[in-house]
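For the sequence shown, our numbering assigns the number 480 to the initial residue and increments by one for each residue that follows.
All C-beta atoms in this analysis are idealised placements derived from N, C-alpha and C, irrespective of residue type, glycine included.
Single-structure report; data block below.
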Amino acid sequence: MTEQANARVALVTGSTSGIGLEISKSLAENGWIVALHGKGNPIQVQAALDATNARAKFPVRHFDADMRDPQETRRLVRGIQETYGSLDLLVNNAGIQHIDRIESFSPESWDDVLAINLSAVFHATRAALPAMQAKGYGRIVNIASVHGLVASQEKAAYVAAKHGVVGLTKATALENAKAGITCNAICPGWVLTPLVEAQIALRMERSNSGRDEVVSSMLSEKEPTCRFTTTDQVAGAVRFLVSSAADNITGVSLAMDGGWTAQ
Ligand code: NAD
Numbered sequence: 480m481t482e483q484a485n486a487r488v489a490l491v492t493g494s495t496s497g498i499g500l501e502i503s504k505s506l507a508e509n510g511w512i513v514a515l516h517g518k519g520n521p522i523q524v525q526a527a528l529d530a531t532n533a534r535a536k537f538p539v540r541h542f543d544a545d546m547r548d549p550q551e552t553r554r555l556v557r558g559i560q561e562t563y564g565s566l567d568l569l570v571n572n573a574g575i576q577h578i579d580r581i582e583s584f585s586p587e588s589w590d591d592v593l594a595i596n597l598s599a600v601f602h603a604t605r606a607a608l609p610a611m612q613a614k615g616y617g618r619i620v621n622i623a624s625v626h627g628l629v630a631s632q633e634k635a636a637y638v639a640a641k642h643g644v645v646g647l648t649k650a651t652a653l654e655n656a657k658a659g660i661t662c663n664a665i666c667p668g669w670v671l672t673p674l675v676e677a678q679i680a681l682r683m684e685r686s687n688s689g690r691d692e693v694v695s696s697m698l699s700e701k702e703p704t705c706r707f708t709t710t711d712q713v714a715g716a717v718r719f720l721v722s723s724a725a726d727n728i729t730g731v732s733l734a735m736d737g738g739w740t741a742q
């Protein structure tokens, strides 16, 4: 058998950007075969591929699927199983945000946030589980959020979806506790990615303040450490959850939030 035939295979959804891209680079560097996935124009997708391939032991490919569509999500998982013969690690990371009060929250945005941030986690997990169960090995890491544990105003869909992900994580863990499969969630606080940059821009516009002032108030409002969690730290937590040290950890939600939820 070649070295590649022995390597474990990971799908990181939403890995053309931000947290997912960093997780992919870190897994690829650590000997995983990584399937990149996510939206983006051809230049962005190529940049994500180049950045991941630069650190990878095995060639990295990009797979396309709009996760608002359950059929596309199932096709994505099946495509990876067929391409590589296995899917050992599913990192459900793709996500979007929409900011508004409930009374003016657009129903279309509610549907999109719920579809991508919660239902796609169900559809991808459902598609991945049978082969993991047959193999007697699987790791599922759901990138939830501190908003899976507590709420903030103007984020109703995101908060509802992420609380759902935390619940789904526990249900997946329990149903597969004896199957060699673990399922855990990571719940970051603020991480400086395009998703948060959009929120910084919105706050700058609303408050007519500079970037430094807005960032400082965002952090001090929520995180006692007054520091962002880094994409690299989230990737490190994923590596821990797939290491043998975490073999008996399942159904947990790991807060990486600078003390946000300790208050
Ligand atoms: P990001 O915007 O940088 O990346 C989001 C990824 O999701 C991109 O690859 C994008 O292409 C993909 N995506 C979006 N819509 C999609 C769709 N319809 N179909 C397929 N893929 C789609 O954001 P990020 O901050 O890296 O967020 C990654 C995850 O981390 C999300 O689930 C987010 O909720 C979670 N999270 C982020 C933060 C933070 O502060 N940035 C904090 C806690 C949790």
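Each of D545, M735, A484, G668 was checked against the Cα of T495, and the nearest Cα belongs to D545.
Under the DSSP assignment, S732 falls in the beta strand (DSSP E) whose first and last residues are 732 to 735.
Its Cα nearest to that of L490, the residue D567 stands out among D567, D548, V713, K536. Relative to the non-hydrogen atoms of ligand 1, the Cβ of T492 comes within a distance shorter than 8 Å of at least one. Between the C-alpha atoms of A599 and A640 there is a straight-line separation of about 11 Å. Burial of D736 is indicated by the presence of at least 16 other C-beta atoms within 10 angstroms of its C-beta. With respect to the 9 Å criterion, N621 and L647 are classified as neighbours on the basis of their beta carbons. For M546, the shortest separation between its Cβ and any heavy atom of ligand 1 lies below 8 Å. Secondary structure note for R618: its beta strand (DSSP E) is the uninterrupted segment 617 to 622. In this structure, T704 has its CB at a distance of at least 8 Å from all heavy atoms of ligand 1. CA-CA distance, T708 to V592, rounds to 23 Å. For the 9 Å CB-CB criterion, A623 and S732 form a contact. The beta-carbon distance between C705 and S696, rounded to whole angstroms, is 10 Å. This is too long to meet the 8 Å contact definition.
No Cβ-Cβ contact shorter than 9 Å links G738 with E692. Classified as buried, I512 has 16 or more neighbouring CB atoms from the shown chains inside 10 Å of its CB. Each of H516, S565, Y616 was checked against the Cα of S722, and the nearest Cα belongs to Y616. According to the DSSP secondary-structure assignment, L515 is paired through a beta bridge with V491, H541. Ranked by how close their Cα comes to the Cα of Y637, the residues A594, A650, A658, P609 have A594 in first place.
Counting only residues of its own chain and dropping the five nearest sequence neighbours on each side, A734 has a CB closer than 6 Å to the CB of C666, T740.
The closest CA to that of G519, considering only P538, S585, T651, D543, is found on D543.
Closest by C-alpha distance to A514, out of Q712, I522, G499, Q523, is G499. Contact between N655 and L720 fails: their C-beta atoms lie close to 15 Å from each other, not under 8 Å. Beyond the five residues adjoining it in sequence on each side, E684 comes within less than 7 Å, by CB distance, of no other residue in the same chain. Counting only residues of its own chain and dropping the five nearest sequence neighbours on each side, R718 has a CB closer than 8 Å to the CB of S505, L506, N509.
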